[in-house]
Amino acid sequence: AKVGMLVALQSERPAFHYSFAVVESDQPNALALPGGYIFVSTGLLTQLGSESELACVLGHEICHVAQKHGIEIVSRNQKITSLVDFGETLDERVGQYRQFIDLTYQRLATEGYDQRYEWIADQAGSRYAYRAGYNPEGLVPFLFKTAHSEQPVAFESYKTYPDPAVRLRKLKWSLGELGDYSALPRLEDRYRREALQKLQ
Numbered sequence: 011a012k013v014g015m016l017v018a019l020q021s022e023r024p025a026f027h028y029s030f031a032v033v034e035s036d037q038p039n040a041l042a043l044p045g046g047y048i049f050v051s052t053g054l055l056t057q058l059g060s061e062s063e064l065a066c067v068l069g070h071e072i073c074h075v076a077q078k079h080g081i082e083i084v085s086r087n088q089k090i091t092s093l094v095d096f097g098e099t100l101d102e103r104v105g106q107y108r109q110f111i112d113l114t115y116q117r118l119a120t121e122g123y124d125q126r127y128e129w130i131a132d133q134a135g136s137r138y139a140y141r142a143g144y145n146p147e148g149l150v151p152f153l154f155k156t157a158h159s160e161q162p163v164a165f166e167s168y169k170t171y172p173d174p175a176v177r178l179r180k181l182k183w184s185l186g187e188l189g190d191y192s193a194l195p196r197l198e199d200r201y202r203r204e205a206l207q208k209l210q
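So for the sequence shown, my numbering puts the first residue at 11; every next one is plus one.
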């Protein structure tokens, strides 16, 4: 949560309330929902190798929230939009809120974000991590592994997810605009010590 909050402070909505949670699952997934809820699976955490990688992964999901990608996606579903006027509270209508969350999760978990949103999130999330003081290449190892795997995995199991090799090329191009960031830390040892040991 500390890494996520630090990265979120670099986003377009730094004062927004973000909530981070770890989900027990071997599938390497992460998901952002409208309202600032960000979930990361234990399977993904064990695949990451450094705190900078975690920062970039969380930055990717934070971007979806900060730039309201999820709201844009789910607002296309009339059943969801009929529950709540986005931007308004549900005035403690707990049942309605739970239905909204269930439908939103179902929509994003099965269809995901548009490809253009994923490319935006890769670049913006890495930029957030860079501003927070992390090496912004955190997504590169994961995307490289995904692109060269016989059984590719992705942050979300979405049929709309962009080709990882294309994502990697686009990301490397955008990282070149940041200048020399070679001195920024990756923090591999601290990640293994503080994050991975807690999963054991």
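Glycine is no exception: its CB is placed at the ideal position from the N, C-alpha and C atoms.
All values derive from a computational prediction rather than experimental measurement.
In this structure, DSSP gives L41 an extended state, which the three-state scheme calls strand. Ranking P24, G59 and T56 by CA distance to the CA of I72 puts P24 first. DSSP places A11 in the coil class of the three-state scheme, outside both helix and strand.
In terms of Cα proximity to K208, the closest of S35, T56 and G69 is T56. Judged by DSSP in its simplified three-state form, F49 adopts strand. Distance from S51 to V75 at the Cβ level is roughly 18 Å; contact not present, criterion being Cβ atoms closer than 8 Å.
Boundaries of the alpha helix (DSSP H) harbouring S136: Q125 to R141, taken from the DSSP string.
Taking C-beta separations shorter than 6 Å and ignoring five residues to either side along the sequence, the partners of Q133 in its chain run S184, following chain order. Note on geometry: alpha-carbon atoms of C66 and D199 lie some 17 Å from one another. In this structure, R177 sits near L153, with a CB-CB distance shorter than 8 Å. Following the DSSP letters along the chain, one finds F152 in no beta strand (DSSP E) but inside the alpha helix (DSSP H) bounded by residues L149 to A157. Among the bridge pairs identified by DSSP, S29 is matched with Y47. In the three-state DSSP reduction, Y201 falls in the helix class (H, G or I). Below 8 Å, too few C-beta pairs join the segment 11-19 and the segment 33-42 to call them touching: fewer than three. In the three-state reduction of the DSSP assignment, K78 falls in the coil class.
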